[in-house]
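Peer 1:
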Amino acid sequence: MTQEKTIRRTGTRLWLAAWLAALSVVPAVAGAASTITGTITFTGKPPAPRPIAMDADPACAKKHSTPAMNEMLILGNGSTMGNVMVYISKGLPSGKTFPVPKAPAVLDQNGCQYRPHVMGIMVGQQYKILNSDGILHNVHALPKINPGFNKPMPATVKETTASFAKAEPVFQIKCDVHPWMNAYVGVFTHPFFTVTGADGKFTISGLDPGTYEVTAWHERLGTQTATITVGASDTKTQNFKFAAPAAK
Ligand SMILES: [Cu+2]
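Okay, so the sequence shown: first residue is 19 according to my numbering, each after it adds one.
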């Protein structure tokens, strides 16, 4: 091939690449993604934080220099609430499928506590369960729709995996060796779920315009729902308040 021809071909290729790049930056106007955001707060007098007594297994107690605290009620400044799972519970088109993340959802057993305490996962996504402790644990999943499982994880077993075939909000995972160990998992056919940190904030984005039911779930204080309509490229705010249970 002559040098001139090579230059001409390279030029054509560069032009084509520039043209394709220009196409890809055309904004997608139709169905522009929308967002639902908000803050979860706790009202009423919160109970005093409770330390977890790990004395039953000295190997667990030894992993903490200060007592591990119960994770049921995580409060931030202004009584914002953590460990609340927020998800779209109605309104997504029934036939639409969403890609399953290739990365696994990871549950760790660390300091004889599950990390994270509350998490969401998609149907078919790999659920990787780690044993960072190097202590005997027993992962006992208690779903009602999916099959349950009970996986002993001796000190030498660092990892096991599972997955869930059906949507199921929200079920408990417990450790049969350490009765204080609890985690909660929600399984979804879509990616529109999140769990609040101590700041109580949540953001669910990437939604098509439409009317949605949003559910906020807490392990002790139950569920709340709200119906929200978002337009194209819209952001709507929906806050939730959970009240302390009435004294008995
Ligand atoms: Cu355990």
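For glycine and all other residues, C-beta sits at the position ideal for the given N, C-alpha and C.
List the residues that DSSP assigns as beta-bridge partners of Gly-138.
Peer 2: Gly-204.
Peer 1: Output needed for Trp-235: all residues of its chain with C-beta closer than 6 Å, excluding positions within five of it in sequence on either side, in chain order.
Peer 2: Answer for Trp-235: Met-103, Val-188 and Thr-241, listed in chain order.
Peer 1: For the alpha helix (DSSP H) containing Cys-78, name the first residue and the last one.
Peer 2: Unbroken alpha helix (DSSP H) run through Cys-78: 76 to 79.
Peer 1: Could you check whether the Cβ of Val-175 sits closer than 8 Å to any heavy atom belonging to ligand 1?
Peer 2: No; taking the cut-off as 8 Å, the Cβ of Val-175 has no heavy atom of ligand 1 nearer than that.
Peer 1: Once DSSP output is grouped into helix, strand and coil, what is the label at Met-90?
Peer 2: Coil, per DSSP.
Peer 1: Measure the alpha-carbon distance for Met-87 versus Pro-69 and round it to whole angstroms.
Peer 2: Roughly 4 Å separates the two Cα atoms.
Peer 1: Considering only the alpha carbon of each residue, which of Ile-222, His-158 and Ala-173 lies closest to Phe-167?
Peer 2: With distances taken between Cα atoms, Phe-167 lies closest to His-158.
Peer 1: Applying the criterion that 16 or more other CB atoms from any shown protein chain within 10 Å of the CB defines a buried residue, is Pro-197 buried or exposed?
Peer 2: Counting Cβ neighbours within 10 Å, Pro-197 comes out exposed, since fewer than 16 surround it.
Peer 1: The beta strand (DSSP E) that contains Ala-234, what's its start and end?
Peer 2: Counting along the chain, the beta strand (DSSP E) containing Ala-234 begins and ends at 228 to 236.
Peer 1: Could you tell me the alpha carbon to alpha carbon distance between Val-17 and Gly-249, rounded to whole angstroms?
Peer 2: Residue 17 is absent from the structure shown; the chain starts at 19 and stops at 266.
Peer 1: Which residues in the same chain have their Cβ closer than 6 Å to the Cβ of Leu-239, if we skip the five residues on either side of it in sequence?
Peer 2: Same-chain partners within the cutoff: Phe-260.
Peer 1: Pick helix, strand or coil for His-155, following the three-state DSSP scheme.
Peer 2: Residue state, collapsed to three classes: strand.
Peer 1: Which of the three DSSP states, helix, strand or coil, is assigned to Arg-68?
Peer 2: Coil, per DSSP.
Peer 1: Mapping DSSP to helix, strand and coil, what is Cys-130?
Peer 2: Looking at Cys-130 - three-state DSSP - the assignment turns out to be coil, as it is neither helix nor strand.
Peer 1: Please determine, among Pro-263, Ile-222 and Glu-237, the residue with the shortest C-alpha to C-alpha distance to Asp-252.
Peer 2: The shortest Cα separation from Asp-252 among Pro-263, Ile-222 and Glu-237 belongs to Ile-222.
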